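Novice:
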Amino acid sequence: MYDELRRLAGAYMRRERQGQTLQATALVHEAFLRLAGAGTPWTDRRHFIGIAARSMRQILVERARARGAQKRWAGMDRVSLSAALVAANPGDAMLPALDEALDRLEQIDPEQARIVELRYFVGLSVEEAAEVLAISPATLKRRWALARAWLFRELSGDRG
Amino acid sequence: MNTERWQRVRELFEAALENPPADVDRWLAERNSDPEVRAELASLLASHSKAGDFLSRPVGDRRERFEEASRGLAATQVIGPY
Numbered sequence: 020m021y022d023e024l025r026r027l028a029g030a031y032m033r034r035e036r037q038g039q040t041l042q043a044t045a046l047v048h049e050a051f052l053r054l055a056g057a058g059t060p061w062t063d064r065r066h067f068i069g070i071a072a073r074s075m076r077q078i079l080v081e082r083a084r085a086r087g088a089q090k091r092w093a094g095m096d097r098v099s100l101s102a103a104l105v106a107a108n109p110g111d112a113m114l115p116a117l118d119e120a121l122d123r124l125e126q127i128d129p130e131q132a133r134i135v136e137l138r139y140f141v142g143l144s145v146e147e148a149a150e151v152l153a154i155s156p157a158t159l160k161r162r163w164a165l166a167r168a169w170l171f172r173e174l175s176g177d178r179g
Numbered sequence: 115m116n117t118e119r120w121q122r123v124r125e126l127f128e129a130a131l132e133n134p135p136a137d138v139d140r141w142l143a144e145r146n147s148d149p150e151v152r153a154e155l156a157s158l159l160a161s162h163s164k165a166g167d168f169l170s171r172p173v174g175d176r177r178e179r180f181e182e183a184s185r186g187l188a189a190t191q192v193i194g195p196y
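Residue numbers (our numbering), protein chains in the order written: chain A, 20 to 179; chain B, 115 to 196.
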C-alpha cells in the first residue's frame with residue numbers, strides 16, 4: 020500500500036531537484052493516514068490510485084485554505100485574476116476556488132473531476148492518467164482539454 | 115444541462131479538437147440543431163482557446179508545500195521507517 024502511494028507521490032517530485040524524498044514521503048504519509056482513517060475499502064489498483072488522488076487534492080486545498088488563499092483570490096482585481104489564470108504557476112490562491120468549481124464539474128461528469136485530480140493535483144502524465152481511467156491516451160488528452168476549458172470559464176466568469 | 119446534452123457536447127468538443135473546423139458556427143450548425151448544445155460548445159471552444167497555460171503545471175510542483183508537510187510531520191514525530 021505504501022509502495023503504491025510513494026510511487027504516486029513520486030509524480031509530484033518529477034520536475035524537482037534531488038533530495039526531495041523526505042517531503043514526498045511526508046505528503047504520502049499524510050495521505051495514507053487519511054486513507055487508513057477513512058476505512059474505505061479498495062479492491063484494485065485503479066480504485067486505490069483514484070482514492071489517493073482524491074486525498075492529495077483534499078490535502079493541498081486544505082493547506083491553501085489554511086494559508087488564506089480564498090481571501091487572496093477574492094482580493095484580486097480582474098487584471099491580476101486573468102493573468103493568474105493563464106499562468107503556468109498561479110500560486111495556491113486559486114486552489115479553493117478551483118476545488119469548488121471541480122465539485123460542480125463532477126456533478127455534470129464525474130470522470131472530468133478524476134482527470135483533473137490525476138493530472139493537476141497528482142501530476143500524472145497523460146499516459147499514466149489514461150491507464151488509471153482505462154481510456155486511451157488520445158481520449159484522455161481531449162477530455163483533459165475539455166476539463167481545462169470548463170474550469171477556466173468557471174473561474175474567469177465568477178467575477179462577471 | 116442534462117446528461118444526454120453533456121455527452122453530445124463532449125463528443126463534439128473532442129471532434130473539434132481532432133479536426134479543428136475553419137468556421138465553428140457553420141460546423142456546429144451542420145452537426146447539432148439543439149441550441150443549448152451549440153451555445154455550450156461554442157463557449158467551451160472559446161474558453162479552450164483562451165486558457166493559455168491554465169492548469170498546465172501540476173500543483174504538486176510547488177516545493178514549499180512538501181517542506182511544509184514535512185515540518186508538520188516532524189513536529190508530531192511520525193516519521194519513521196516504512
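Cβ coordinates follow ideal geometry from the N, Cα and C atoms, glycine included. Every value quoted in this text rests on a predicted model; they were computed, and no experiment measured them.
With 9 Å as the C-beta to C-beta threshold (strictly closer), list the residues of the stretch 141-172 of chain B near chain A in chain order.
Specialist: Those residues of the stretch 141-172 of chain B that come within reach of chain A (Cβ to Cβ, closer than 9 Å) are S157, L158, L159, A160, S161, H162, S163, K164, A165, G166, D167, F168, L169, S170, R171 and P172.
Novice: Roughly how far, in whole angstroms, is the beta-carbon of A/L104 from the beta-carbon of A/L79, given that I think they are within contact range, below 8 Å?
Specialist: Going by Cβ atoms, the distance from A/L104 to A/L79 rounds to 18 Å, so no, they are not a contact pair.
Novice: Does the structure place the stretch 159-175 of chain A close enough to the stretch 107-125 of chain A that three or more beta carbon pairs sit under 8 Å?
Specialist: The stretch 107-125 of chain A is in contact with the stretch 159-175 of chain A.
Novice: With a threshold of 8 Å, are at least 3 pairs of Cβ atoms found where one atom belongs to the stretch 139-152 of chain B and the other to the stretch 141-160 of chain A?
Specialist: The stretch 139-152 of chain B is not in contact with the stretch 141-160 of chain A.
Novice: Enumerate in chain order the residues of its own chain whose CB-to-CB distance from B/R122 is below 6 Å, with the five nearest sequence positions on each side excluded.
Specialist: For B/R122, where only same-chain residues beyond five positions count, the Cβ hits under 6 Å are V151.
Novice: Could you check whether the Cβ of A/G87 sits closer than 8 Å to any Cβ belonging to chain B?
Specialist: So, not an interface residue.
Novice: Can you tell me where the alpha helix (DSSP H) with B/S163 in it begins and where it stops?
Specialist: P149 to K164 is the extent of the alpha helix (DSSP H) around B/S163.
Novice: Would the stretch 125-141 of chain A count as touching the stretch 69-78 of chain A if we require 3 or more Cβ pairs under 8 Å?
Specialist: Contact between the stretch 125-141 of chain A and the stretch 69-78 of chain A is present, because at least three Cβ pairs lie under 8 Å.
Novice: Whose CA, out of A/W92, A/R84, A/D111 and A/L137, lies closest to the CA of A/F67?
Specialist: The option with the nearest alpha carbon to A/F67 is A/L137.
Novice: Using beta carbons (cut-off 8 Å, strictly below), is A/I127 in contact with chain B?
Specialist: So yes, A/I127 belongs to the interface.
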